[in-house]
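Trainee: If you read the sequence shown in UniProt numbering, its first letter stands for residue 1, the second for the next number, and so on. Glycine is no exception: its CB is placed at the ideal position from the N, C-alpha and C atoms.
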Amino acid sequence: MANMARYQEWQARFEHARRARCTVCNAEDPNLCSRCHSASYCSPECQKKDWPVHKMLCKKYKDFLSTKQDQGHHVGIFLPEDQTNPRLVWIESDVNSESREGTNATTVMMLKATPKLRPLLGLSDDDPEPFTLATDHDLGGKFELPYSLQATSRDLKTQTTTNECITALVGMFPGSFWKGPVILTRSHTLNSAQANGNNGVGPPSVQIVGGSSVVMGESEQVEDMTLADFTHALGLLEAASVAELEADHGN
Numbered sequence: 001m002a003n004m005a006r007y008q009e010w011q012a013r014f015e016h017a018r019r020a021r022c023t024v025c026n027a028e029d030p031n032l033c034s035r036c037h038s039a040s041y042c043s044p045e046c047q048k049k050d051w052p053v054h055k056m057l058c059k060k061y062k063d064f065l066s067t068k069q070d071q072g073h074h075v076g077i078f079l080p081e082d083q084t085n086p087r088l089v090w091i092e093s094d095v096n097s098e099s100r101e102g103t104n105a106t107t108v109m110m111l112k113a114t115p116k117l118r119p120l121l122g123l124s125d126d127d128p129e130p131f132t133l134a135t136d137h138d139l140g141g142k143f144e145l146p147y148s149l150q151a152t153s154r155d156l157k158t159q160t161t162t163n164e165c166i167t168a169l170v171g172m173f174p175g176s177f178w179k180g181p182v183i184l185t186r187s188h189t190l191n192s193a194q195a196n197g198n199n200g201v202g203p204p205s206v207q208i209v210g211g212s213s214v215v216m217g218e219s220e221q222v223e224d225m226t227l228a229d230f231t232h233a234l235g236l237l238e239a240a241s242v243a244e245l246e247a248d249h250g251n
């Protein structure tokens, strides 16, 4: 419970460092979507461009947030293999801690949150590890996100059914890369400086008995997917399909 409380504190403190950008063109000082408050646009033109994707979940997003069970669950987006409409889902996370001895009588503690995706993907503990493809923080040179987006599916080698939802969202490619259900998630890694309060972000080190202290090392946390993230994640899904198509043509 103490680890979860500390994890939640970091997440809340780090949010103030996020700057809103236009979902489509990355311009500064955009306006939030008045309905979902989950994507931002600098102009009616950008909002119109994103609308075909955004409208799929816009009306549902705020009501879905109101059903949050606890701080251990975060919003994910489920892309079913046999339907064309995406769904919002709650994803539970495990938070584990590790520690090691540092210098000058310090203990370095690291927290890692891992989303529990196997149940949503229909996998048992005996099934192969899911496949995950993640963005870096630079999306095509135009967007620099302070977090990462992930697309996770069952082991692609055992899947034969092309994902209909992704096909509807990004278009059909021969031998589509994505097969079976896919889940979109968002995570963020706090480096040691951020975790220990630099620039007002993250908690300070904690002094304990005997003059020693605990400082935070690199830590990973799961966050709620926004509808802006949904738009950005489609680029990841499309890039994987295009890369496979180009590889097939090169053979």
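1) Roughly how many whole angstroms lie between the Cα atoms of residue 50 and residue 90?
2) Under 8 angstroms: do the segment 180-187 and the segment 143-151 share three or more Cβ pairs, one atom per stretch?
3) Below 8 angstroms on the Cβ atoms is my guess for residue 133 versus residue 234; work out the distance and round it to an integer in Å.
4) Tell me which same chain residues have a C-beta within less than 7 angstroms of the C-beta of residue 20, skipping the five on either side of it?
5) What's the gap between the Cα of residue 193 and the Cα of residue 111?
6) Is it right to say residue 154 is buried, meaning 16 or more other beta carbons lie within 10 angstroms of its own, or is it exposed?
7) Of the choices 84, 180, 75, whose alpha-carbon is the least far from that of residue 122?
8) Comparing C-alpha positions only, which one of 177, 88, 87 sits nearest to residue 238?
9) Where do the N-terminal and C-terminal ends of the beta strand (DSSP E) with residue 168 fall, by residue?
10) Please state whether DSSP places residue 51 in a helix, a strand or coil.
11) Please name the residue in 58, 158, 72 whose C-alpha comes closest to that of residue 116.
Mentor: Inspection of the coordinates gives the following:
1) 24 angstroms
2) yes
3) Not really, about 13 angstroms apart at Cβ, beyond 8 angstroms.
4) 30, 40
5) Confidence at residue 193 is low in this model, with a pLDDT of 48, below 50, so its placement is unreliable and the value that follows should be read with caution. If I take the Cα positions, the gap works out to 14 angstroms.
6) buried
7) 180
8) 177
9) From DSSP, residue 168 is part of no beta strand (DSSP E) but of the alpha helix (DSSP H) over 164-170.
10) helix
11) 72
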